[in-house]
Structure formats: C-alpha cells, structure tokens
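Peer 1: One structure, pasted below without further comment.
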Amino acid sequence: MVKAQEITKYCQELLKTENFKDYCHNGMQVEGKENVEKIVTGVSLSEKLIKKAIEKKADMIMVHHGFFGMSFGENPVIKYASKKRLKLILENDLNVLGFHLPLDAHIEIGNNVSLAKLFALKNIKPMTEAKDNYGFIGESDDTSLADFVKLIDEKLETRSTIIDGGNKQVKKVVIVSGGSADYFMEAKNLGADTFICGELKEHVVREAEEAEINVIAPGHYNTEKTGIQNLGEKVAKEFGVEVEFVYIPNSI
746 MVKAQEITKY CQELLKTENF KDYCHNGMQV EGKENVEKIV TGVSLSEKLI
796 KKAIEKKADM IMVHHGFFGM SFGENPVIKY ASKKRLKLIL ENDLNVLGFH
846 LPLDAHIEIG NNVSLAKLFA LKNIKPMTEA KDNYGFIGES DDTSLADFVK
896 LIDEKLETRS TIIDGGNKQV KKVVIVSGGS ADYFMEAKNL GADTFICGEL
946 KEHVVREAEE AEINVIAPGH YNTEKTGIQN LGEKVAKEFG VEVEFVYIPN
996 SI
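Under my numbering, the residues of the sequence shown are numbered 746 to 997, in order.
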C-alpha cells in the first residue's frame with residue numbers, strides 16, 4: 746500500500762512534467778482515496794475503462810488521455826461524457842492520473858522512443874534538442890515499405906493506413922505518435938523517407954505524396970499503448986503495487 750500523492754510525485758519527476766506546456770494538467774486530475782494497492786492503466790479515460798477499474802477493485806486509474814478541456818480554456822461546464830465519468834470516479838473514490846505530452850516524449854519509456862525500439866530502428870535520437878521534444882528519428886535496415894508496414898501491423902496488432910510517397914525502401918524514419926499528421930514536413934526536412942503518425946488528416950494525403958515521403962498511420966490509440974504500459978511497470982517496480990493495463994479497442 747502506498748499513498749496516491751507519492752505515486753503522483755514519482756511520475757511527475759520521472760516524466761519531467763514541468764518542461765511541457767500541455768492541453769491538460771499532467772499529474773493527479775481527480776483525488777480519491779489516500780492509499781493505493783491496485784492501479785489500472787489505459788490509453789484513454791472512458792466510462793468503459795472506469796467500470797473496468799471498479800470491477801477490478803482498483804484504487805487509481807492512470808491514463809495518457811485524461812481530463813482535457815477544463816484546464817485549457819474550453820467550456821468548463823461538466824456535462825455529457827465528463828459528467829458520467831466524474832460521477833463514477835467520485836462515487837468510487839478513485840484517483841485519476843493523466844500524463845499526456847510528457848509520456849509521448851520520455852527518452853526511455855515514452856510512446857515514440859518505445860515505438861522506435863519496437864520497430865527495430867537503429868541510431869534512435871530525439872528530433873530536436875528542445876526540453877519538450879517528443880518526436881524521435883531512427884534508421885531502418887533498408888527494408889521494403891511493404892515489409893516495414895507488415896512489421897508495424899504485427900507489433901501493434903492493427904492495420905495501418907498508408908500514403909505511398911514513392912519510396913519503396915525504408916531507410917530513415919521519424920515517429921510522432923497520436924494526432925501528429927502535420928509533422929510529415931518536419932520529418933521530410935530531417936531527411937526521412939518515411940513518417941509514422943497516429944491518425945491522418947485529409948490534406949496530408951496529397952501533400953505527402955507530392956513531398957515524396959511515405960506516411961504510415963497505425964492509429965492514434967495504437968501508437969500510444971506502449972508508454973502508459975511502461976509507466977505502469979515502472980510504478981509497480983518502484984512501489985510494489987499491483988498494476989494492470991486494460992485494453993479498450995479503438996479503431997482511430
């Protein structure tokens with residue numbers, strides 16, 4: 746058993762949350778019971794995830810996509826989905842921790858570096874030297890585009906959407922998970938022939954073709970499963986609490 750505030754402090758220090766200007770608060774978003782024995786982790790906060798956490802008798806939910814909006818200027822009224830979720834959370838005295846951009850960015854356990862390792866890239870390094878950098882770049886063993894996509898789909902258990910930029914061999918890859926399609930030109934400027942994002946935007950299809958860069962989109966959710974699982978494993982090892990990742994399928 747460990748105090749919820751200790752877990753929060755550990756995660757914030759590990760992820761260097763102070764370096765990021767984000768769309769949400771990175772840390773404890775809803776305070777629940779003081780002591781924690783079991784944590785459920787997931788990519789995105791949802792009614793389904795909360796009910797799973799209750800079913801599994803968790804004391805804390807830790808997610809990548811937590812409560813947005815209320816902390817960055819959108820309509821602060823709690824209604825619809827937020828109302829349903831918050832009601833369940835408060836009724837069951839659950840702690841909710843959310844870590845967004847810092848979890849994309851972390852150089853050891855973050856979403857993007859984890860994907861680079863998962864896809865067997867070499868010479869992996871951050872896209873920029875900025876404290877809040879979250880994209881990573883690496884090199885592939887001159888793999889065909891078809892084989893590289895097959896590897897991604899097998900590792901993430903998904904079916905990627907592909908924009909063929911005319912590069913039949915994959916040599917240099919930039920990865921920015923989630924809703925990051927517009928970063929394809931930054932990837933091109935870094936000399937990449939292939940860019941991996943989470944989800945696409947309509948205008949990117951023709952623009953990427955014309956810029957002659959391959960774009961692979963395995964899905965927003967699918968590109969952001971690894972970071973929260975890694976964070977959960979770190980917390981379990983540090984504090985000796987039970988941590989369980991809950992997979993809630995999402996086609997986007």
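Glycine included, C-beta positions come from ideal geometry on N, C-alpha and C.
Within its chain, find whatever has a CB closer than 8 Å to the CB of V949; leave out the 5 residues flanking it on each side and keep chain order.
Peer 2: Taking the sequence shown and counting its residues from 1, the one referred to as residue 949 is at position 204. Cβ neighbours of V949 beyond the five flanking positions: I908, A926, D927, F929, V960.
Peer 1: Is the beta carbon of L976 closer than 8 Å to that of F844?
Peer 2: One-based indexing of the sequence shown puts residue 844 at position 99. One-based indexing of the sequence shown puts residue 976 at position 231. It is a contact, given that the beta carbons lie within the stated cut-off.
Peer 1: Going by the DSSP bridge assignment, what does V919 pair with across the sheet?
Peer 2: As a working note, residue 919 is residue 174 in the sequence shown. Answer is I882, F940, bridged to V919.
Peer 1: DSSP state of A956, grouped into three classes?
Peer 2: Taking the first residue of the sequence shown as position 1, residue 956 is located at position 211. Here A956 sits in helix by DSSP.
Peer 1: Taking 8 Å as the cut-off, does the stretch 829 to 842 touch the stretch 855 to 869 (at least 3 CB pairs, one atom from each stretch)?
Peer 2: no
Peer 1: Can you name the start and end residues of the alpha helix (DSSP H) that M746 belongs to?
Peer 2: Numbered from 1 along the sequence shown, position 1 holds the residue referred to as residue 746. Looking at the DSSP string, M746 is not in any alpha helix (DSSP H), and its letter there is neither H nor E.
Peer 1: Given a cut-off of 8 Å, decide if I784 and V918 are closer than it, judged by their beta-carbon atoms.
Peer 2: In the sequence shown, the residue the question calls residue 918 occupies position 173. In the sequence shown, the residue the question calls residue 784 occupies position 39. Going by C-beta atoms, V918 is not nearer than 8 Å to I784.
Peer 1: Can you give me the start and stop residues for the beta strand (DSSP E) that S789 sits inside?
Peer 2: Position 44 of the sequence shown, counting from 1, holds the residue named residue 789. Here the beta strand (DSSP E) through S789 covers 783 to 789.
Peer 1: Starting from G843, trace the beta strand (DSSP E) both ways and give me its first and last residue.
Peer 2: Here residue 843 refers to the residue found at position 98 of the sequence shown. Its beta strand (DSSP E) spans residues 840 to 843.
Peer 1: Is M746 buried or exposed, if buried means 16 or more other CB atoms sit within 10 Å of its CB?
Peer 2: For the purposes of this step, residue 746 is taken as residue 1 along the sequence shown, with counting starting at 1. Burial call: exposed.
Peer 1: From what residue to what residue does the beta strand (DSSP E) around F812 run?
Peer 2: Locating residue 812 in the sequence shown gives position 67, where the first residue counts as 1. Counting along the chain, F812 falls outside any beta strand (DSSP E), and DSSP gives it neither H nor E.
Peer 1: By the DSSP assignment, the beta strand (DSSP E) with F990 in it spans what residues?
Peer 2: By 1-based counting over the sequence shown, the position of residue 990 is 245. First-last of the beta strand (DSSP E) with F990: 987 to 990.
Peer 1: Excluding sequence positions up to five away, which residues of its chain have a Cβ less than 8 Å from the Cβ of K982?
Peer 2: Stepping through the sequence shown from its first residue, residue 982 is reached at position 237. Answer for K982: no residue qualifies.
Peer 1: Using the rule of at least 16 other Cβ atoms within 10 Å of the residue's Cβ for burial, across every protein chain shown, is Y992 buried or exposed?
Peer 2: Walking along the sequence shown from the start, residue 992 turns up at place 247. Label assigned to Y992: exposed.
Peer 1: When you compare only the Cα positions, how much space is there between G883 and I795?
Peer 2: The residue you call residue 883 lines up with position 138 of the sequence shown. The residue you call residue 795 lines up with position 50 of the sequence shown. The alpha-carbon atoms of G883 and I795 are separated by roughly 36 Å.
Peer 1: Rounded C-beta distance between V921 and Y966? I'm assuming under 8 Å.
Peer 2: For the purposes of this step, residue 921 is identified with residue 176 of the sequence shown, where counting begins at 1. For the purposes of this step, residue 966 is identified with residue 221 of the sequence shown, where counting begins at 1. Between Y966 and V921 the Cβ distance is about 15 Å, and since that is not below 8 Å, they are no contact.
Peer 1: Does the stretch 755 to 764 come within contact of the stretch 775 to 790, defined as at least 3 CB pairs closer than 8 Å?
Peer 2: no
Peer 1: Compute the distance between the beta-carbons of A875 and M805, then report whether it is under 8 Å.
Peer 2: Translated into the one-based positions of the sequence shown, residue 875 becomes position 130. Translated into the one-based positions of the sequence shown, residue 805 becomes position 60. Their beta carbons are not under 8 Å apart, which means A875 does not touch M805 by this criterion.
Peer 1: Quick check on the burial criterion: 16 or more other C-beta atoms within 10 angstroms. Buried or exposed for R830?
Peer 2: One-based indexing of the sequence shown puts residue 830 at position 85. Counting Cβ neighbours within 10 Å, R830 comes out buried, since at least 16 surround it.
Peer 1: Excluding sequence positions up to five away, which residues of its chain have a Cβ less than 6 Å from the Cβ of S816?
Peer 2: In the sequence shown, residue 816 corresponds to position 71, counting from 1. Its pLDDT being 46, under 50, S816 is placed unreliably by the model, and the measurement read from it follows with that caveat. Cβ within range, chain order: C769, H770.
Peer 1: Assign P963 to one of two classes, buried (16 or more other C-beta atoms within 10 Å of its C-beta) or exposed (fewer than that).
Peer 2: As a first step, residue 963 must be located in the sequence shown, where it is residue number 218. P963 should be labelled buried.
Peer 1: Which whole-angstrom value describes the C-beta separation of G1009 and G972, a residue pair presumed to lie in contact below a C-beta threshold of 8 Å?
Peer 2: Not covered by the structure: residue 1009. The range shown for the chain is 746 to 997.
Peer 1: Drop a sphere of 10 angstroms on the beta-carbon of V822, count the other beta-carbons inside from all chains shown, and report buried for 16 or more, exposed for fewer.
Peer 2: Within the sequence shown, the letter at position 77 stands for residue 822. Residue environment analysis places V822 among the exposed positions, since fewer than 16 neighbouring C-beta atoms fall within 10 angstroms of its C-beta.
Peer 1: How would you label L835, buried or exposed, when you count the other beta carbons within 10 angstroms and need 16 or more for buried?
Peer 2: Taking the first residue of the sequence shown as position 1, residue 835 is located at position 90. It is exposed - the Cβ of L835 has fewer than 16 other Cβ atoms within 10 Å.
Peer 1: Note down the Cα distance separating Q757 from H851, rounded to an integer number of angstroms.
Peer 2: Along the sequence shown, read from residue 1 onward, the residue named residue 757 stands at position 12. Along the sequence shown, read from residue 1 onward, the residue named residue 851 stands at position 106. Taking the straight line joining both Cα atoms gives about 11 Å.
Peer 1: Thinking F990 and G787 are a contact (beta carbons under 8 Å), I'd like their distance in whole angstroms, please.
Peer 2: Here residue 990 refers to the residue found at position 245 of the sequence shown. Here residue 787 refers to the residue found at position 42 of the sequence shown. Confirmed, about 7 Å.
Peer 1: For L863, I'd like the list of residues in its chain whose CB is within less than 6 Å of its CB, leaving aside the five on either flank, ordered along the chain.
Peer 2: Position 118 of the sequence shown, counting from 1, holds the residue named residue 863. Around L863: K900.
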